[in-house]
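In the working numbering, the protein residues as written are 122 to 399. For glycine and all other residues, C-beta sits at the position ideal for the given N, C-alpha and C.
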Amino acid sequence: MEQFHASDNTEINYISMGAGELCLVFLHGWTASSREWLPFAAELSERHQVICWDARGHGFHVYRSQTEMTLARMADDLEELLAHLELTNVVLIGHSMGALTAWEYIRRHSDARLKGLCIVDQSPKLVTDDEWRNGVYSEFNATKNQTFLKRLEEDFAEAVLELIAFGHNRRSRENYEANSRGFQQMRDHLHKLHGSLLTRCWDSITQQDYRPVLPSIQCPTLLVYGDESQFYSADLQAYVHQHTPNSQLLIYPDSDHSPHLWHRERFIYDLNRYTESL
């Protein structure tokens with residue numbers, strides 16, 4: 122991996138491959154890393170320059186315990202990376218937290234560098250209230266979020282697995298209750314991460330409301346959602362589509378919060394079609 126130092130001297134690690142007029146920048150989800158996107162990046166780099174990063178606090182790197190873990194700081198990291206690499210014709214592709222990072226980037230730095238945007242299975246506001254039901258589980262208010270933050274402090278790995286398991290997706294719940302091999306592997310992975318940093322990251326994530334950002338997006342936007350997402354409803358998918366100008370909504374069947382992983386070849390095909398239209 123290559124490295125550069127952000128303005129607060131935090132080392133940011135990234136992989137760059139391929140060449141082309143467009144640069145596809147892949148932004149991973151919370152607790153994930155650049156590895157989430159590498160199988161896609163390798164194939165897409167045949168047509169484009171591709172960047173995959175490990176957002177601060179993520180990946181198996183050494184970080185200071187006081188590392189700032191806000192979405193605002195991650196968005197600034199992204200702008201500093203794009204400036205460092207002198208990139209302008211950029212397509213941001215963000216899954217989950219990566220989508221929030223992209224929205225925060227647009228809020229703080231505009232979409233002047235962007236040719237396009239791809240959002241994968243995310244809500245602009247995770248915490249629900251009496252007037253907003255399109256967050257996590259369609260019922261995840263501030264009190265439940267504070268309970269979850271305390272659970273993260275008690276047992277980070279198990280709390281994350283519970284968040285995945287006890288949502289809308291029956292298959293996830295059954296696999297968790299059966300302690301499937303997949304959940305065992307996730308548990309082992311989560312135990313290796315910087316739990317305290319990622320807990321502070323979740324706190325920042327759940328304070329955000331990007332609903333006002335959506336109508337301001339000027340570049341063409343591809344929206345990809347799973348029809349059996351653990352976290353988000355069909356109403357949320359429709360909301361993001363309706364409030365994002367010049368957007369296209371694709372709903373992948375039989376897929377959860379990571380529709381790109383369930384339908385890898387289709388996602389690559391759809392992304393190629395989308396980038397060809399830019």
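Task: Backbone CA spacing between His126 and Asp356 [nearest angstrom] - done: 40 Å
Open item on the list: Quick check on the burial criterion: 16 or more other C-beta atoms within 10 angstroms. Buried or exposed for Ala176?
Closed with: buried
- [ ] Measure how close the beta-carbons of Leu145 and Leu165 come, nearest whole angstrom, since I'm counting them as under 8 Å.
- [x] 6 Å
Task: Three-state secondary structure (DSSP) of Thr264 - done: helix
TODO: Could you round the C-beta distance between His378 and Ser217 to whole angstroms and report it? I think they count as a contact, below 8 Å.
DONE: 7 Å
Open item on the list: Assuming contact is defined by CB atoms lying nearer than 8 Å, are Asn210 and Lys246 in contact in what I supplied?
Closed with: no
Open item on the list: Using a 10 Å radius around the Cβ and a threshold of 16 neighbouring Cβ atoms, would you call His312 buried or exposed?
Closed with: exposed
Task: Cβ neighbours of Asn296 in the same chain (closer than 7 Å, five flanking residues each side left out) - done: Gly303, Phe304
Open item on the list: Between Gly215 and His169, how many whole angstroms is the CB-CB distance? I'm expecting something under 8 Å.
Closed with: Actually they do not touch by this definition, with Cβ atoms about 16 Å apart.
Task: Where Gln124 falls: helix, strand or coil (DSSP) - done: strand
TODO: Tell me, please, which residues DSSP counts as bridged to Asn393.
DONE: Partner(s): none; Asn393 has no beta bridge.
TODO: Entirely within the stretch 188-253 and at least 3 residues each: give me those beta strand (DSSP E) ranges in chain order.
DONE: 211-216, 235-241
- [ ] Specify the secondary structure class of Glu167 as computed by DSSP and reduced to three states.
- [x] coil
Task: Identity of the residue in Ala163, Ser337, Asp232, Gln339 nearest Glu386 by Cα - done: Ala163
- [ ] Give the DSSP bridge partners of Asn134, in chain order.
- [x] Gln124, Asp175
Task: Ser400, buried or exposed, once every other Cβ within 10 Å from all chains shown has been counted against 16 - done: Because residue 400 is not part of the residues shown, which for the chain are 122 to 399, the question remains open.
TODO: Could you say which of Met122, Gln187, Tyr373 lies nearest to Ser317 if we only look at CA atoms?
DONE: Gln187
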